[in-house]
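Below you'll find the structure, written out as structure tokens, and then a few comments.
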Amino acid sequence: MGKGSSNYSDVNKRCEKLSTMLNQKIPKICRGVYLKQSHYNQGVTDNMMLIEVGANENTYEEVQNSLNILAMVLDEYLSA
830 MGKGSSNYSD
840 VNKRCEKLST
850 MLNQKIPKIC
860 RGVYLKQSHY
870 NQGVTDNMML
880 IEVGANENTY
890 EEVQNSLNIL
900 AMVLDEYLSA
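Going by this note's numbering, the sequence shown opens with residue 830, and the numbers climb by one from there.
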């Protein structure tokens, strides 16, 4: 989450909501929203957010499983 974006407040609310929804589905699956001074791509449109899945310590299987959960929650998020 880039604090340097003019859309910071709105995008942060959306990111926090998505993070909460993910953790309600599978506790601790989302490690939270990381804040940086950058703006990433959030200034491109009003609804832009960057989602990163996995890290160098995750296995391919863990990432695949996480993507399945993320897809399910994104569907719920966008349908609300």
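Beta carbons are placed, not taken as given, at the ideal position from N, Cα and C, and that holds for glycine.
Owing to the predicted nature of the structure, the values given are computational and were not obtained by experimental measurement.
- Message: With distance defined between alpha-carbon atoms, name the residue in Asn876, Val902, Ser908, Lys842 nearest to Gln853.
- Response: With distances taken between Cα atoms, Gln853 lies closest to Val902.
- Task: Compute the beta-carbon to beta-carbon distance between Val882 and Leu864, rounded to the nearest angstrom, for a pair I have assumed lies under 8 Å.
- Result: In fact, because the Cβ distance is near 19 Å, the residues do not count as touching under 8 Å.
- Item | Alpha-carbon spacing of Asn836 relative to Tyr906, whole angstroms | Take the alpha-carbon of Asn836 and the one of Tyr906: they are about 19 Å apart.
- Query: Secondary structure at Lys854, three-state DSSP: helix, strand or coil?
  - Reply: Here Lys854 sits in helix by DSSP.
- Message: What does the alpha-carbon distance come out to for the pair Ile858 and Lys846?
- Response: If I take the Cα positions, the gap works out to 14 Å.
- Query: Cα separation between Gln893 and Ile880?
  - Reply: The straight-line gap separating the alpha-carbon atoms of Gln893 and Ile880 is approximately 14 Å.
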